[in-house]
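Below is one structure, written out as structure tokens; comments come after it.
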Amino acid sequence: MSGPQGKERTEGKGQRAKSDEKTAPGFRAELPVFEGTLGELAAALRAEQVLPGEVPLLRLTREVLAWAEQVTGQSPAAFADAHPDLLPTLAGVIALKARLLLPRPEPEDAPDDWSGDWSGDWSSDDGLGEVLEGVEALAELDTLVAFLAARRQAREGLLPARPAPVTLPRRERPRNPQGSLAKLVRAAQNAVRQVEVPLLARERLSLADALAALRAFGTRLRVFGFWTVHAGDWGERTTYFAALLEGVKEGSFQVEQPEMYGEIRVSAAGQVEAGPDEETGGEVPSPVS
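Residues 1 to 289 in the UniProt record's numbering are what the sequence shown spells out, letter by letter.
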């Protein structure tokens, strides 16, 4: 049959086949009082349709582990190594089995003078929570194993395909050896400039050197103007002024400034103050410059 109806039937069959591949038959519990999946058993326990004493939890645990080994074709531990998502659930089931194998502690005897309402209901002491927790852990393991086994089975028929060679025409970039050489030269110049700048940095003037230069001025000229001392920048000028104050403090110089913001006249200690004719008018080279 062709047409839209035939196409819908074909698509429906494909979807059903695809869903069948994703799902796998899960574990079914077969008990004298119950038969069904573990999820249904947990629901029956909550609804009190099945009593905890009617559920052999240790036997169910062993049967679920055996079923997982049968479905996956390997031990649950080996299967969990290949699927790390299964490890927490499997660890919980193994811990449950170990706990069930341990001898149960004997219940404490009730006191003789037990008072209060007594209805004969042992539902609070019969281990409902423990049995329900164990059944839920087994149900979770059942769901994960069924899903992973079905996914592995669906991928068994897949073969890795070889990558197809891509032979697309590529446009070659025009070569420009002159331009490349110019770029290399500029890069080398920048590198050399960055290396030489720290090596060619001028040595800073120290306070001791400035004081020695001023003493040399005083020895040669007797009297000189402070602004006649050569300084490269305001930093050096400040260093010379600090050295001058240090010299005045220790008695090496005598300083005079006739007016505010006027010329600072410096004379060596022990020298007779010279007049304007003896004072140097021009700029004298600094001994350290």
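Just so you know, even glycine gets a beta-carbon here, dropped at the ideal spot from N, CA and C.
Helix, strand or coil at residue i [DSSP, three-state]
i, result
"phenylalanine 226", "helix"
"phenylalanine 253", "strand"
"arginine 28", "strand"
"glutamate 263", "coil"
"glutamate 63", "helix"
"glycine 53", "helix"
"glycine 36", "strand"
"alanine 268", "strand"
"leucine 128", "helix"
"glutamine 74", "coil"
"proline 84", "helix"
"arginine 215", "helix"
"leucine 58", "helix"
"aspartate 233", "coil"
"residue 290", "Past the edges of the chain, shown from 1 to 289, lies residue 290, and the structure says nothing about it."
Whole-angstrom distance between residue j and residue i, CA atom to CA atom
i, j, result
"valine 50", "alanine 146", "25 Å"
"arginine 265", "leucine 205", "22 Å"
"arginine 175", "leucine 181", "12 Å"
"tryptophan 67", "arginine 28", "10 Å"
"leucine 60", "glutamine 74", "19 Å"
"glycine 218", "glycine 235", "22 Å"
"phenylalanine 34", "alanine 47", "13 Å"
"phenylalanine 224", "valine 185", "52 Å"
"glycine 78", "alanine 164", "Just to set this straight, residue 78 is alanine in the shown sequence, not glycine. In a straight line, the C-alpha of alanine 78 is about 36 Å away from that of alanine 164."
"valine 64", "leucine 58", "10 Å"
"glycine 262", "leucine 221", "20 Å"
"threonine 228", "glutamate 259", "18 Å"
"glycine 53", "leucine 90", "24 Å"
"glutamine 153", "aspartate 81", "17 Å"
"serine 123", "glutamate 130", "For serine 123, the pLDDT reaches just 39, beneath the cut-off of 50, and the residue's location in the model is therefore unreliable, although a value from the coordinates is still provided. Distance between the alpha carbons of serine 123 and glutamate 130 is about 12 Å."
"lysine 97", "leucine 158", "37 Å"
"isoleucine 172", "arginine 151", "Residue 172 is actually glutamate in this sequence, not isoleucine. Whole-angstrom Cα-Cα distance: 47 Å."
"leucine 168", "arginine 162", "18 Å"
"leucine 31", "arginine 62", "14 Å"
Closest residue to residue i among the options (Cα-Cα distance)
i, options, result
"aspartate 85", "Val71, Leu141, Ser252 and Val266", "Leu141"
"histidine 83", "Ala149, Leu158, Ala182 and Gly251", "Ala149"
"threonine 239", "Leu207, Leu57 and Leu138", "Leu207"
"proline 56", "Asp81, Leu128, Ser75 and Gly26", "Leu128"
"glutamate 156", "Thr72, Ala47, Leu58 and Gly39", "Thr72"
"alanine 242", "Val131, Asp209, Val135 and Asn190", "Asp209"
"glutamate 246", "Asp233, Ala213, His230 and Glu259", "Ala213"
"arginine 215", "Leu244, Gly53, Gln189 and Val166", "Leu244"
"glycine 36", "Gln153, Pro160 and Val135", "Val135"
"leucine 132", "Gln70, Thr167, Ala44 and Arg151", "Ala44"
Chain-order list of residues whose beta-carbon lies under 6 Å from that of residue i (same chain, five-residue window excluded)
i, result
"glycine 92", "Ala137"
"phenylalanine 226", "Ile264 and Val266"
Sequence-distant residues of the same chain with beta carbon closer than 8 Å to residue i, five excluded per side
i, result
"proline 88", "none"
"glycine 26", "Thr37, Leu38, Asp142, Thr143 and Ala146"
"valine 248", "Gln254 and Val255"
Beta-carbon contacts of residue i that lie in its chain and below 7 Å, excluding the five residues immediately before and after
i, result
"alanine 139", "Leu38, Gly39 and Ala42"
"alanine 269", "Gly251, Ser252, Phe253 and Gln254"
"alanine 231", "Arg237 and Tyr240"
"glutamate 69", "Ser75 and Pro76"
beta-carbon residue i near the ligand GDP non-hydrogen atom, thresh 7 Å
i, result
"aspartate 233", "No copy of the ligand GDP occurs in the structure displayed, which carries no ligand at all."
Quiz item: Which residue spans inside the stretch 139-176 form an unbroken beta strand (DSSP E) run of at least 3?
Solution: none
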